[in-house]
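To keep things clear, I will list the structure first and then write my remarks on it.
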Amino acid sequence: MSASGIPQIAVVMGSCTAGGAYVPAMADESIIVGKQGTIFLAGPPLVRAATGEVVGAEDLGGADLHCRLGCEKTIGRDKLVHNTKVAICKPEEPLYPASELGGIVGDNLRKSFDVKNVIARIVDGSRFAEFKELYGTTLVTGTIIVDGNACLFTTSLGNLLHHVGFAHIHGYPVGVVANNGILFSESALKGAHFIELCTQRGIPLVFLQNITGFMVGSSAEAGGIAKNGAKMVTAVSCTRVPKFTVIVGGSFGAGNYGMCGRAYSPRFLWMWPKMADNLILGFTLIRTSFQNARISVMGGEQSAEVLTQVKRDALAKKGVEWPIDEQESFKSPIRARYEAEGHPYYSSARLWDDGVIDPADTRSVLGLALSASFNAPVENTSFGVFRM
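For the sequence shown, the numbering used here assigns the number 8 to the initial residue and increments by one for each residue that follows.
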């Protein structure tokens, strides 16, 4: 049914055992009732008989376990769950003012901020239905309504959370994908699943980028970060629903690929600027600047350190010691070049994006773009092969 475009939603209100466990696992979306629903291939009695392990039903296959493993979408507890459809609703203003966005993001890319605070100032009624909120938490995904339009929202956050979910912007349904820091394997798998859902339902995608890249290191590689990251990149590349990208912070390395950078053909890609805001502390008026969007293969400091290390190792092989002060002199021009060429105005001047926008105008700009995107039919999507 899924291959035929028929949505499948499973609600687990009791025990799903043996072959029945595959029913919710194969559904497009699954909802499990906390302290009531369970999913396992064998129940506690059979597990004890076969392996000698003594375990309770909740620990073996309860709601909390499966939501953290990504098998289930959410834990249901007296909560109405809506299936998002591409239908234009009456627009609602967010509950929180967009003028606060500058203060939320701040001027330090190394300092994390909660992307949900950004989403709340963009989407209709500040309502966001998050997808798999307990799994792959460095990616935030969900649907929203923007000016009556449904969208998928994706964002990256610096506090190691990745959020995806449904919302509306100016009445349009959207899927949101947003970063809360580095992309781990679980985050990438969640993002790929969410993009597939939105593609099947014809829901536009909104990506909010603040991403340093995919997780690196021996543990990440052993955990399959390359193949799992490739799944998300493949999904982003292949989907034919309208895609819109807003760079609200850093956009570095392969993280730019997974979050729908320019090479992955978003309908529009905007960047937040270096903006200034007036703040009053006591009786003193001060002017504070907020540095938002940056884009490059890696950060200037990281690049300077890598190139310095390469040169230092080469000199060490020749038995030459490189003085610390000369190393700093070597790093300075590298940092300066990255600072200049990673600036949002440098990118816009070369038409690498579709403009630098005031963060306070993000909602209006997205609403206009979404409205235009609904004037043309959406092509059918073929994802090809996902490496398992």
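Cβ coordinates follow ideal geometry from the N, Cα and C atoms, glycine included.
Asked	Found
At least 3 beta-carbon pairs within less than 8 Å: the segment 242-256 vs the segment 381-393	yes
Terminal residues of the beta strand (DSSP E) in which Lys250 lies	Lys250 to Phe259
Entirely enclosed alpha helix (DSSP H) segments - the segment 329-386, minimum 4 residues	331-348, 351-356 and 369-380
Contact under 7 Å by Cβ, His175 with Cys96	yes
Beta carbon of Arg208 nearer than 7 Å to that of Ser380	no
Ala233 - containing alpha helix (DSSP H), residue span	Ile232 to Cys245
Cα-Cα separation between Asn124 and Ala105, rounded to whole angstroms	10 Å
Residue(s) in a DSSP beta bridge with Met20	According to DSSP, which records beta bridges pairwise, Met20 is partnered with nothing at all.
Sequence-distant residues of its chain with Cβ nearer than 6 Å to Phe135 (five each side left out)	Ile126, Gly149, Ile151, Gly172 and Ala174
Supposed close pair Gly257, Ala195 - CB separation, criterion 8 Å	So it is not a contact: roughly 18 Å between Cβ atoms.
Helix, strand or coil at Thr148 according to DSSP, with G and I counted as helix	strand
Boundaries of the beta strand (DSSP E) in which Gln216 is found, first to last residue	Leu212 to Ile218
Closest Cα partner of Gly21 within the set Val130, Leu108, Met33 and Gly50	Gly50
Whole-Å CB distance - Ile38 paired with Gly68, under 8 Å assumed	In fact, because the Cβ distance is near 15 Å, the residues do not count as touching under 8 Å.
According to DSSP, residues forming a beta bridge with Phe191	Partner(s): none; Phe191 has no beta bridge.
Given Gly262 as reference, the closest of Pro98, Asn187, Pro52 and Ile210 once Cα atoms are compared	Asn187
Own chain partners of Met239 with C-beta closer than 7 Å, once the 5 adjacent residues on each side are dropped	Ala195, Gly198, Ala199 and Gly265
Reduced DSSP category for Met278 - H, G, I as helix; E, B as strand; rest coil	strand
Pro180 (DSSP reduced to helix, strand or coil)	strand
Contiguous alpha helix (DSSP H) assignments of at least 4 residues, all confined to the segment 17-56	29-33
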